[in-house]
Amino acid sequence: MNLAQKKLIFVTGKGGVGKSVVAASIAVEQAKLGKKVCLVELGGQSFYESFFETRGITYEPSEVIPLVHISLLTPDESLREFVTHYLKIPKLYEILFQNRIMKAFLSAAPALSEISILGKLTSDIREVIVSEYDVIVCDTYSTGHALALLRAPIGLSQTFKVGPLKDHAMGIHNVICDPSKVHYVLVTIPEELPLKETLEMFDTLKKEFKADVDVVCNLIYSSELNSAEKTHLKTELKEQDAVDFLEYVIQKEGAQHEHLKQLTNKFPQIYGIKHVFKDFRGQELLDTIVPQLERPWFLTNS
Amino acid sequence: MVFDKLLEEKKVLICCGSGGVGKTSLSAALGLRAAELGKKVLVMTIDPAKRLANALGLENLYEIEKRVPTQKGELYAEMLDMKRTFDDFIYRLAPTPEAAQKVLANIVYQQLSTALNGSQEYTALERLLQAHTSGKFDLIILDTPPTKHAMDFLNAPAKIHTLFQESIMKWFLMPFSTLDKLSLGLMNRGTKAAFKMLERLAGSEFISTISEFFSAIRDWQKTLRDRTAEVHRLLTNQGTGFVLITGFNSVKIEEARFFENSLKKGGYQLSGIIVNRAFPLWANADSGILKTDKTADEALNKLKKHYQELKRYYQIHLQAYTAFEKELRQNVLFLKIPDLSQDINSINGLKNLMERL
Chain C
1 MNLAQKKLIF
11 VTGKGGVGKS
21 VVAASIAVEQ
31 AKLGKKVCLV
41 ELGGQSFYES
51 FFETRGITYE
61 PSEVIPLVHI
71 SLLTPDESLR
81 EFVTHYLKIP
91 KLYEILFQNR
101 IMKAFLSAAP
111 ALSEISILGK
121 LTSDIREVIV
131 SEYDVIVCDT
141 YSTGHALALL
151 RAPIGLSQTF
161 KVGPLKDHAM
171 GIHNVICDPS
181 KVHYVLVTIP
191 EELPLKETLE
201 MFDTLKKEFK
211 ADVDVVCNLI
221 YSSELNSAEK
231 THLKTELKEQ
241 DAVDFLEYVI
251 QKEGAQHEHL
261 KQLTNKFPQI
271 YGIKHVFKDF
281 RGQELLDTIV
291 PQLERPWFLT
301 NS
Chain G
1001 MVFDKLLEEK
1011 KVLICCGSGG
1021 VGKTSLSAAL
1031 GLRAAELGKK
1041 VLVMTIDPAK
1051 RLANALGLEN
1061 LYEIEKRVPT
1071 QKGELYAEML
1081 DMKRTFDDFI
1091 YRLAPTPEAA
1101 QKVLANIVYQ
1111 QLSTALNGSQ
1121 EYTALERLLQ
1131 AHTSGKFDLI
1141 ILDTPPTKHA
1151 MDFLNAPAKI
1161 HTLFQESIMK
1171 WFLMPFSTLD
1181 KLSLGLMNRG
1191 TKAAFKMLER
1201 LAGSEFISTI
1211 SEFFSAIRDW
1221 QKTLRDRTAE
1231 VHRLLTNQGT
1241 GFVLITGFNS
1251 VKIEEARFFE
1261 NSLKKGGYQL
1271 SGIIVNRAFP
1281 LWANADSGIL
1291 KTDKTADEAL
1301 NKLKKHYQEL
1311 KRYYQIHLQA
1321 YTAFEKELRQ
1331 NVLFLKIPDL
1341 SQDINSINGL
1351 KNLMERL
């Protein structure tokens, strides 16, 4: 994937399309180019711990694969870092967050944890810190939640009329709208609903964040049979279940072809990843995916 | 059909599951089946992607309780509009329309009702309670908002409840904007320090807006609390069942196990598990395709190889699911729906899906 000078990559897509695996693949692909990569996952529970069969993925990044450091960006810890940064004195954070009332309010309050997460991700670009990473790949939430995350800064800046939080929120919003530094990757699969969501999300990202977007189509099914072979088998096969199986394959590929056509009509250049029918995880699975991200995919391939 | 028993017995079915497993299509298929059994059934979904609309072939689903043509029974569908449900809720709570409008205009409320953690879930449950209380339906099927983990749905409203707790309200109801000596004197030292910090972070205008918001809704607190308790009663009622919809891979099984456990702990009733797109029908049979013996046929060899590869792949998952099924209590329905290679987002597709229930 040509990410040139991009510093921050947001990976999103409909639930269940394989965002996390694609995000990890992009991280590995960038690392192969010699970049030092931070792969960030959001939320309370680490996906990559079980995926890479490892332990100890925490807020502090750790090098799980060569040149790829993984960090679990929990809202709580981001908020703590954020508030500490603002208040300068860590002790004050304790006072603020040990207060039962404040704690309840801050955990429910809109946008605060989103702002801290985005604040952390953009801190290098905003020149708050000098990052040791060349690029950050963020395995963001699924589309709906991802939008809520990305819209938080602009929302917050409307809530606060003045004050440091407003300036901070605007600063973050400007960064995530800067296509020279930030890139968006939309992951989809060749099915109707994920596709529809991808098209909608693409338009929203363009409109609201002036985003530079790449589309990755995951789980492309292929029987490796060309159409001549399928026609040949149709006349050749006699046993009922063999006929049924062939019919299953043909139907599945036919339905998929329609979706892929629709996708490539809208996006002239996409990346495609084949469905591997193996119980792979971790490095083994990434090894099959990473080469497929090195060049665009065309419909004639399938 | 396996799920008929549930559709006959329950008043409310809540379909949970992580994103991308087919919750919406299956909720619609369950609704369709319930109508076929002669029920008056409402299917509710809360999803910005208009997925139920899509699955039911409806273009505009913003109206509530929209009739879907069926041969038997009565099927209604609706897509929850979060903002509107929240606004309606405020109108019903407020003593006068003017009081309601004041709250609706408050920027804190506007943020709360759309961006607050868990507000989608809260709205879904509020609307569920409303539809249930109306007594209009034999059965209501709620398709829950997509969450990363199935349990998030039940955990989210708790966050909102804390916000409306008396202690928090009281705190914000003090005359913050003036920050006079008296109000600071009323707080304990910790709260005082915390408050000063919040003001430093957010600016005093924000604090006064929050203060305004809470003072506008201060008298509704009891109603809110009662409502919350009622929702909880409904969810733990005998007539309410949870259906976990899950996909066919080992990660999803772990999630299903966790979900089953958490439901039990929370006092909720897991009534059924549907494993969607479990395995294609042919993967179960020992197919004659392997016996076809024409080794010189290149295409046939390719097909055979593909068949074996797929079959092995599905068998591994199948074994894991069989083990899980054995762990379940006897009264939890367990159903595997095969991967139907055709499109299910049409009324015929849904009927086809329904046949598998």
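From first to last, the protein sequence lines are chains C and G. Be aware that the first sequence starts at 1, since it is given in this note's numbering, and climbs by one per residue. Be aware that the second sequence starts at 1001, since it is given in this note's numbering, and climbs by one per residue. Every residue, glycine too, gets a C-beta built ideally from N, C-alpha and C.
Anything in the stretch 165-184 of chain C with a Cβ closer than 8 Å to a Cβ of chain G? List those residues in chain order, please. If the cut-off is 8 Å between Cβ atoms, the stretch 165-184 of chain C has Leu165 and Lys166 near chain G.
Status (buried if at least 16 other CB within 10 Å, exposed otherwise) for Leu33 of chain C: Under this definition Leu33 of chain C is an exposed residue.
Chain C partners of Glu1205 of chain G, CB-CB under 9 Å? Phe160, Lys161, Val162 and Gly163
Work out the CA separation of Phe1089 of chain G and Arg1225 of chain G for me, nearest whole Å. 13 Å
Based on Cα-Cα distance, which residue from G:Glu1098, G:Gly1020 and G:Val1332 lies nearest to Phe1003 of chain G? G:Val1332
Should Met201 of chain C be labelled buried (16 or more other beta-carbon atoms within 10 Å of its own) or exposed? By the neighbour-count criterion, in which 16 or more other beta carbons inside 10 Å mark a residue as buried, Met201 of chain C falls on the buried side.
Close Cβ partners of Ile115 of chain C (< 8 Å) along its chain, the five nearest in sequence each way excluded: Phe82, Ala152, Pro153, Leu156, Leu165, His168, Ala169 and Ile172
Less than 7 Å between the beta carbons of Gly1020 of chain G and Gly16 of chain C, yes or no? yes
Let me know if Met1354 of chain G comes out buried or exposed under the rule of 16 or more other beta-carbons within 10 Å of its beta-carbon. Here Met1354 of chain G is buried: its Cβ has 16 or more other Cβ atoms, across all protein chains shown, within 10 Å.
If contact means a Cβ-Cβ distance below 7 Å, which residues of the stretch 7-24 of chain C contact chain G? Lys14, Gly15, Gly16 and Val17
DSSP three-state label for Val83 of chain C, please. helix
Selected residue, minimal CA-CA separation from Phe1153 of chain G, among G:Ile1014, G:Met1044, G:Leu1042 and G:Phe1137: G:Ile1014
Compare the Cα-Cα distances from Arg1092 of chain G to each of G:Trp1220, G:Ile1140, G:Ser1018 and G:Ser1027 and report the closest residue. G:Trp1220
Determine, using beta carbons only, whether Glu41 of chain C comes closer than 7 Å to chain G. By this cut-off, Glu41 of chain C is not an interface position.
Euclidean distance between Cα positions of Arg1329 of chain G and Leu1270 of chain G: 10 Å
So, with DSSP's three-state summary, where would you put Lys120 of chain C? helix
Neighbourhood of Pro260 of chain C by C-beta, 6 Å cutoff - its chain only, sequence neighbours within 5 removed: Before going on, a small fix: residue 260 of chain C reads as Leu here, not Pro. Pro190 and Leu299, listed in sequence order.
By the criterion of Cβ-Cβ separation under 7 Å, what are the contact partners of Val1021 of chain G in chain C? Gly16
Determine which residues of the stretch 201-224 of chain C have a Cβ less than 7 Å from any Cβ of chain G, and write them out in chain order. Ser223 and Glu224
Going by DSSP, name the residue or residues bridged to Met1079 of chain G. G:Thr1045
Compute the distance between the beta-carbons of Val40 of chain C and Ile136 of chain C, then report whether it is under 7 Å. One thing to note: Val40 of chain C has its Cβ within 7 Å of the Cβ of Ile136 of chain C.
His183 of chain C by DSSP, collapsed to three states: which one? strand
Mind checking if His232 of chain C is an interface residue toward chain G, Cβ cutoff 7 Å exclusive? yes
Between the stretch 1025-1044 of chain G and the stretch 1251-1258 of chain G, are three or more C-beta pairs nearer than 8 Å? no
According to DSSP, is Lys261 of chain C helix, strand or coil? Helix at Lys261 of chain C.
Considering only C-alpha positions, which residue in the set G:Phe1279, G:Leu1300, G:Val1012 and G:Gln1238 is nearest to Asn226 of chain C? G:Leu1300
Exposure of Glu1260 of chain G, with buried meaning 16 or more beta-carbon neighbours within 10 Å: Classification for Glu1260 of chain G: buried.
Closest to Pro1145 of chain G by C-alpha separation, out of G:Asn1237, G:Leu1350, G:Gln1308 and G:Ile1245, would be which residue? Checking every option, the nearest Cα to that of Pro1145 of chain G belongs to G:Ile1245.
Considering only DSSP beta bridges, list what Asp214 of chain C is partnered with. C:Val185
Could you compute how far the alpha carbon of Leu205 of chain C sits from the alpha carbon of Leu67 of chain C? 30 Å
CA-to-CA distance, Leu1350 of chain G to His232 of chain C, given in whole angstroms: 33 Å
Between which two residues does the beta strand (DSSP E) carrying Thr12 of chain C extend? Taken as a continuous stretch (DSSP letters only), the beta strand (DSSP E) holding Thr12 of chain C covers Leu8 to Gly13.
Which listed residue (C:Leu118, C:Cys177 and C:Val249) has its alpha carbon closest to that of Glu77 of chain C: Checking every option, the nearest Cα to that of Glu77 of chain C belongs to C:Leu118.
Closest by CA to Gln256 of chain C, which one among C:Ser223, C:Ser113, C:Leu149 and C:Phe47? C:Ser223
Name the residue from G:Arg1218, G:Lys1083, G:Glu1036 and G:Ser1208 whose alpha carbon lies nearest to the alpha carbon of Lys161 of chain C. G:Ser1208
contact_flag[the stretch 54-61 of chain C, the stretch 291-298 of chain C] where n(CB pairs < 8 Å) is 3 or more: no
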